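Worksheet: one structure, shown below.
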Amino acid sequence: MRAEGLRPDVFVHPQGLCDSTDVGAGTRVWAFAHVLEGARIGAGCNVCDGAYVEGGAVLGDRVTVKNQVMVFAGVTVADDVFLGPGVTFTNDFTPRAHVRKGPDDLDPTRVEQGATLGARVTVVCGVTIGANAFVGAGAVVTRDVAPHAFVVGNPGRQIGWACRCGRRLDADLRCSCGRAYALGADGLHEDVELACT
Numbered sequence: 001m002r003a004e005g006l007r008p009d010v011f012v013h014p015q016g017l018c019d020s021t022d023v024g025a026g027t028r029v030w031a032f033a034h035v036l037e038g039a040r041i042g043a044g045c046n047v048c049d050g051a052y053v054e055g056g057a058v059l060g061d062r063v064t065v066k067n068q069v070m071v072f073a074g075v076t077v078a079d080d081v082f083l084g085p086g087v088t089f090t091n092d093f094t095p096r097a098h099v100r101k102g103p104d105d106l107d108p109t110r111v112e113q114g115a116t117l118g119a120r121v122t123v124v125c126g127v128t129i130g131a132n133a134f135v136g137a138g139a140v141v142t143r144d145v146a147p148h149a150f151v152v153g154n155p156g157r158q159i160g161w162a163c164r165c166g167r168r169l170d171a172d173l174r175c176s177c178g179r180a181y182a183l184g185a186d187g188l189h190e191d192v193e194l195a196c197t
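Right, dumping it as structure tokens:
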């Protein structure tokens, strides 16, 4: 079902529900996915079977939302992010069924550009996952993740660095794709000069 006023270049599967009209060109909403009114979704996104995007959630452009992903109000996902099957975000540190909370009472979460969250990752609210970070399958993210960090486990812990292409960097901060990085006081940065040598 399509919301009245949804742009014609947004695909909604006959068994999908898209109640929001704030959806960018070329986005696809597949069977049994539900995008609630008030959700904002950018252009070229892929919202797969059984995914749920709550009102107040924001997805940038070209975001992949695999099957059974749960994105709740207060979660902001930047461009080019991959959310693997079954990724779940939380948005309240102290949930109680009998305590009603508004949007200002929720704990915001942000996923920066190009990050990857593997299958069944759980993100505890109030954190930022940095650009191009890679969170391995099944991890539980309980604190901020640095850009390019490679994180695994419960609770999630950094065990290395990830390239922009998604591969894990070697001990010299080089990737098999040809990119090289340098670690500075303000984090990991691509080093074009090293990559050329």
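Those letters in the sequence shown? Residues 1 to 197, per the UniProt record's numbering, in order. Note that CB positions come from ideal geometry on N, CA and C, so glycine has one too. Note that the structure is predicted; figures quoted are calculated from it, not measured.
- By the neighbour-count criterion, in which 16 or more other beta carbons inside 10 Å mark a residue as buried, V135 falls on the buried side.
- Taking C-beta separations shorter than 6 Å and ignoring five residues to either side along the sequence, the partners of G138 in its chain run R120, following chain order.
- Counting of Cβ neighbours within 10 angstroms places H98 among the exposed residues, the total staying below 16.
- Distance between G55 and G24, taken at the CA atoms: about 16 Å.
- In this structure, F82 keeps its C-beta atom at 8 Å or more from the C-beta atom of G126.
- Secondary structure at V127: coil, using DSSP grouped into helix, strand and coil.
- Close CB contacts of T128 within its chain, under the 6 Å cut and outside five residues either way in sequence, are with R110 and D144 (chain order).
- Taking every protein chain shown into account, the CB of P147 has 16 or more other CB atoms within 10 angstroms, so this residue is buried.
- Closest in C-alpha terms to L169, from the list V140, A51, V151 and D186, comes V151.
- The beta-carbon distance between F32 and D49, rounded to whole angstroms, is 5 Å. This is short enough to meet the 8 Å contact definition.
- A straight-line Cα-Cα distance of about 21 Å links R2 and A73.
- G102 is classed as exposed because its beta carbon has fewer than 16 other beta carbons within 10 Å across all chains shown.
- Annotation for F150: the continuous beta strand (DSSP E) segment containing it runs A149 to V152.
- Residue burial annotation: A180 is buried, with at least 16 other C-beta atoms found within 10 angstroms of its C-beta.
- The alpha-carbon of P95 is positioned some 28 Å away from that of Q158.
- Looking from the CA of L173, the closest CA among G184, W161 and C165 belongs to W161.
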